[in-house]
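A short write-up of the structure that comes next.
There are 2 protein chains.
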Amino acid sequence: MTTTHTTGDPKGDGMEGAAGLLARTRAAVDPRLRTTVESLPGQVRRIARYHFGWEQADGTSAEGNAGKAIRPALVLAATQALGGDPRQAERAATAIELAHNFSLLHDDVIDEDPTRRNRPTAWTVFGVPDAIITGDAMCALALRVLAEDPHPASAKASARLAACVIELCAGQQADCAFENRAPQDVTIEECLTMAEAKTGALLGCACALGALYAGAGDEEVEAMDAFGREAGLAFQLIDDLIGIWGDPARTGKPVGADLVAHKKSLPVVAAMASGTPAAEELAELYRAPAMDAAAVRRAADAVERAGGRDWAQSQAADRMARAVDHLSRAVPELGAADELLALAEFVTRRTR
Amino acid sequence: MTTTHTTGDPKGDGMEGAAGLLARTRAAVDPRLRTTVESLPGQVRRIARYHFGWEQADGTSAEGNAGKAIRPALVLAATQALGGDPRQAERAATAIELAHNFSLLHDDVIDEDPTRRNRPTAWTVFGVPDAIITGDAMCALALRVLAEDPHPASAKASARLAACVIELCAGQQADCAFENRAPQDVTIEECLTMAEAKTGALLGCACALGALYAGAGDEEVEAMDAFGREAGLAFQLIDDLIGIWGDPARTGKPVGADLVAHKKSLPVVAAMASGTPAAEELAELYRAPAMDAAAVRRAADAVERAGGRDWAQSQAADRMARAVDHLSRAVPELGAADELLALAEFVTRRTR
Numbered sequence: 001m002t003t004t005h006t007t008g009d010p011k012g013d014g015m016e017g018a019a020g021l022l023a024r025t026r027a028a029v030d031p032r033l034r035t036t037v038e039s040l041p042g043q044v045r046r047i048a049r050y051h052f053g054w055e056q057a058d059g060t061s062a063e064g065n066a067g068k069a070i071r072p073a074l075v076l077a078a079t080q081a082l083g084g085d086p087r088q089a090e091r092a093a094t095a096i097e098l099a100h101n102f103s104l105l106h107d108d109v110i111d112e113d114p115t116r117r118n119r120p121t122a123w124t125v126f127g128v129p130d131a132i133i134t135g136d137a138m139c140a141l142a143l144r145v146l147a148e149d150p151h152p153a154s155a156k157a158s159a160r161l162a163a164c165v166i167e168l169c170a171g172q173q174a175d176c177a178f179e180n181r182a183p184q185d186v187t188i189e190e191c192l193t194m195a196e197a198k199t200g201a202l203l204g205c206a207c208a209l210g211a212l213y214a215g216a217g218d219e220e221v222e223a224m225d226a227f228g229r230e231a232g233l234a235f236q237l238i239d240d241l242i243g244i245w246g247d248p249a250r251t252g253k254p255v256g257a258d259l260v261a262h263k264k265s266l267p268v269v270a271a272m273a274s275g276t277p278a279a280e281e282l283a284e285l286y287r288a289p290a291m292d293a294a295a296v297r298r299a300a301d302a303v304e305r306a307g308g309r310d311w312a313q314s315q316a317a318d319r320m321a322r323a324v325d326h327l328s329r330a331v332p333e334l335g336a337a338d339e340l341l342a343l344a345e346f347v348t349r350r351t352r
Numbered sequence: 353m354t355t356t357h358t359t360g361d362p363k364g365d366g367m368e369g370a371a372g373l374l375a376r377t378r379a380a381v382d383p384r385l386r387t388t389v390e391s392l393p394g395q396v397r398r399i400a401r402y403h404f405g406w407e408q409a410d411g412t413s414a415e416g417n418a419g420k421a422i423r424p425a426l427v428l429a430a431t432q433a434l435g436g437d438p439r440q441a442e443r444a445a446t447a448i449e450l451a452h453n454f455s456l457l458h459d460d461v462i463d464e465d466p467t468r469r470n471r472p473t474a475w476t477v478f479g480v481p482d483a484i485i486t487g488d489a490m491c492a493l494a495l496r497v498l499a500e501d502p503h504p505a506s507a508k509a510s511a512r513l514a515a516c517v518i519e520l521c522a523g524q525q526a527d528c529a530f531e532n533r534a535p536q537d538v539t540i541e542e543c544l545t546m547a548e549a550k551t552g553a554l555l556g557c558a559c560a561l562g563a564l565y566a567g568a569g570d571e572e573v574e575a576m577d578a579f580g581r582e583a584g585l586a587f588q589l590i591d592d593l594i595g596i597w598g599d600p601a602r603t604g605k606p607v608g609a610d611l612v613a614h615k616k617s618l619p620v621v622a623a624m625a626s627g628t629p630a631a632e633e634l635a636e637l638y639r640a641p642a643m644d645a646a647a648v649r650r651a652a653d654a655v656e657r658a659g660g661r662d663w664a665q666s667q668a669a670d671r672m673a674r675a676v677d678h679l680s681r682a683v684p685e686l687g688a689a690d691e692l693l694a695l696a697e698f699v700t701r702r703t704r
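In the order they appear, the protein sequences are chains A and B.
Be aware that the first sequence starts at 1, since it is given in the numbering used here, and climbs by one per residue.
Be aware that the second sequence starts at 353, since it is given in the numbering used here, and climbs by one per residue.
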């Protein structure tokens, strides 16, 4: 049994298994996702179609790149792991995917991000007002899909997803607030809490909804939520490492992208908090309004010397170990949870 | 029985009855609304408190002016009219008030409105990102309150409110789109559809939720929704008349405010569509980037000569008559619906 992203996969099928599951999830959920989005009114529907990559800005049809379907795959795999029928949980998987994309639409507006999935973001094409409105409608649609689901888990799932959206908001708000503070003033604890709210909460909610749709009891639902949260934190830590040392050819991000953007990512905040000379060097580089290529290399080196890289890697390993512990509370015979484990490894192994 | 805002109130207690009901609604719903808002995280909670007028921007306590509570009063009055216990519907009333305030927060961002209820809008105080995020959290909170309600009507009410939020989005989107079109190109039908989505839908939803919480059947619920929608349209028509001819001392709006803002309100669009010489005169005034006081008077006069004022008044009367027809389908003995009628008259009598 593999427990961290740095450990090998003895079965040798983790990546293949996850990739296959993600492809099957897209195939199972996309038709329902498209039908659901079609229920949106007029221009809002058009912007949603564009955001999902199904349509060009001019309304002609597009290849489609709606993302990796990790969250809906977690829903279906969690249902499966707890002995439920994943087909019964497809509405819940659709709702989770809609909630995720609502948050992307609004995050892009708030962060003024120009691109998403290699295309111009919706707000750059349709304007800020329409992007806000489309996000609002997509959030309400996510909750409508659950509320209209005749499945007995629907009410609990609705309440849980609504609470999760509120936590996503808290995470996004904290992220924005960090941008206005000196990097040394942001503590690791604050940063981890923010990452849990912004990334962990929705992955946890996806797993919890899957458990609810399998008819699981409260303890199993909470254990599955905790599994998803910890796996989500591991995912964020790895993502932050990629943001500094990632291979641009594999990740699509330039080397040191997060440093150039002065992002207070987890390895950076850990390095700043180390009290080492390298921490002061890094803080100095962050005080400058811009970094050239040499400064970016020096900053990455400073994060490493200050222990930020090692810390993030061991934190990610630790979080994955905790995730598996939680999972084993919900699914004592972990063999039944092989899909969930494959997914967790898939999202936390992207540096290799 | 009075059916329009231009007819007298034979009982002589319509306004007093409505004012009393609104005061009682505030007293009944506010404690729950405050407790619910307290469940929001950190900064989001603070911005929500500010928006409701409970706190100043610096966090000190404020007098509080959370609006007139028309929508929650409709919920409670609808429950009462259909023989239910309004106390059982207080969560639903709270949810409706949260959904309304979510839409206000985002509308203020989108329309760049500087003031709301005589105070600086949240986005001007806390910035656009935090105002968007707080609106998102408030929308999710509205749906969470319903989803967590153990009342048997909760699931249907959640689905209905989620659908209503989507319709609000459609209305707001249409309103934004109209701003970018020449006034003559916007048809009356489009404008009425927009007003129904932006104003009527939530009033209809409030009445429908009240009916659901009284255990009413589908037909009564739909009739109550239709009552609220038509009353909402009448309300919007009157509001648009006030925006041109309202008494600034009573309404807080300057005379001709909507004309100065080049707003494509219902009387203006009706006037433009009249094909009269006054319509052309009005279109000419709207083509100018700004209007001085004399131009505003000429524009108001042109709307009147083109028939826009009479049209809006007779439409409002017509909509109120339809509203009462729908209400009588849900509550055949209209005496039981006196509170709903008083509320409908209250919101459509403000020109006198």
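We put the CB at the ideal spot given by N, CA and C, even for glycine.
I'd like the list of long-range same chain contacts for A:HIS100, defined as Cβ closer than 7 Å, with 5 residues on each side in sequence excluded. Counting only Cβ-Cβ distances below 7 Å, and skipping sequence neighbours, we find ARG71 and LEU202.
Measure the C-alpha to C-alpha separation of A:ALA140 and A:GLY42 and round it to an integer number of angstroms. A direct Cα-Cα distance of roughly 16 Å separates A:ALA140 from A:GLY42.
Compare the C-alpha of A:VAL347 against each of A:GLU284, A:GLN88, A:PRO289 and A:LEU241 and name the closest. A:LEU241
In chain order, what residues of the region 633-649 of chain B put their CB closer than 9 Å to some CB of chain A? Cβ contacts with chain A come from no residue of the region 633-649 of chain B.
7 Å Cβ cut-off: residues of chain A touching B:ILE594: Those do not exist, as B:ILE594 stays about 25 Å from chain A at its closest Cβ, beyond 7 Å.
If you drop the 5 nearest sequence neighbours on each side, which residues of the same chain put their C-beta closer than 6 Å to that of B:PHE587? VAL699 and THR700
Quick check on A:CYS205 - is its C-beta less than 8 Å from some C-beta in chain B? no
Report buried or exposed for B:ALA534, applying the criterion of at least 16 other Cβ atoms within 10 angstroms of its Cβ. exposed
When you compare the CB of B:ARG671 with every CB in chain A, is at least one pair closer than 8 Å? no
I want to see whether chain B comes within less than 8 Å of A:PRO152, judged by CB atoms only; does it? no
State the Cα-Cα distance for the pair B:ALA647 and B:ALA635, rounded to the nearest angstrom. 12 Å
Is the region 45-58 of chain A touching the region 312-323 of chain A, taking contact as three or more C-beta pairs under 8 Å? no
B:ALA505 versus B:GLY567, B:ALA522 and B:GLU542, residue with shortest Cα-Cα distance: B:GLY567
What residue does the alpha helix (DSSP H) around B:TRP663 start on, and which one ends it? Judged by DSSP secondary structure, B:TRP663 falls within the alpha helix (DSSP H) whose first and last residues are 660-682.
Just checking my contact of B:ALA429 with B:LEU686 at CB under 8 Å: how many whole Å lie between their CB atoms? In fact, because the Cβ distance is near 13 Å, the residues do not count as touching under 8 Å.
For A:ASP30 and A:ASP130, the rounded distance between their alpha carbons: 24 Å
Is it the case that the Cβ atoms of B:TYR565 and B:GLN432 are separated by a distance below 8 Å? no
Per the DSSP calculation, A:SER61 is bridged to which residue(s)? A:GLU55
Which partner residues of A:ARG119 appear in the DSSP bridge assignment? A:ARG116
Whose CA, out of B:ALA522, B:VAL497, B:GLY523 and B:GLN524, lies closest to the CA of B:ALA511? Proximity to B:ALA511 across B:ALA522, B:VAL497, B:GLY523 and B:GLN524 peaks at B:VAL497, based on C-alpha coordinates.
What are the boundary residues of the alpha helix (DSSP H) that A:SER103 is part of? That run of the alpha helix (DSSP H) goes 90-111.
In the DSSP assignment, find the alpha helix (DSSP H) that holds B:THR431 and state where it starts and stops. The continuous alpha helix (DSSP H) containing B:THR431 extends over residues 422-433.
With 8 Å set as the bound, which would you pick, yes or no: does the beta-carbon of A:GLN172 sit closer than that to a beta-carbon of chain B? yes
Chain A contact residues for B:HIS458, given Cβ-Cβ distances below 7 Å: ILE132 and ASP136
Consider the Cβ of A:ILE166: report whether some Cβ of chain B lies at a distance smaller than 8 Å. yes
Three-way DSSP call (helix, strand, coil) for B:SER506 in this model: helix
Between the Cα of B:TYR410 and those of B:ALA623, B:LYS508, B:ASN417 and B:VAL477, spot the shortest distance and give me the residue it belongs to. One point to set straight first is that residue 410 of chain B is Asp, not Tyr, in the sequence displayed. Looking at the Cα atoms, B:VAL477 is the closest of the given residues.
Step through the CB atoms of chain A and report whether any lies within less than 8 Å of the CB of B:CYS491. yes
Cβ of B:ALA563 within 8 Å of any chain A Cβ: no
When you compare only the Cα positions, how much space is there between A:ILE110 and A:ASP218? 36 Å
Cβ-based contacts, 8 Å cut-off: residues of the region 41-59 of chain A near chain B: PRO41, GLY42, GLN43 and VAL44
Compare the C-beta of A:ALA434 against all C-beta atoms of chain B and say whether one is closer than 8 Å. Any answer about residue 434 of chain A is impossible in this case: the structure gives chain A only from 1 up to 352.
Own chain residues within Cβ distance below 7 Å of A:VAL303, not counting five before or after: ILE244, PRO267, VAL268, ALA271, LEU282 and ARG309
B:GLY590 versus A:CYS176 - alpha carbon distance: The identity of residue 590 of chain B in the sequence shown is Ile, whereas the question assumes Gly. Their Cα atoms are separated by approximately 41 Å.
Closest to A:ASP322 by C-alpha separation, out of A:ASP225, A:ALA300, A:PRO289 and A:ASP301, would be which residue? Here residue 322 of chain A turns out to be Arg, not Asp, going by the sequence shown. If we check each option's Cα against that of A:ARG322, A:ASP225 comes out closest.
Near-chain B residues of the region 181-199 of chain A (beta-carbon distance less than 7 Å), N- to C-terminal order: none
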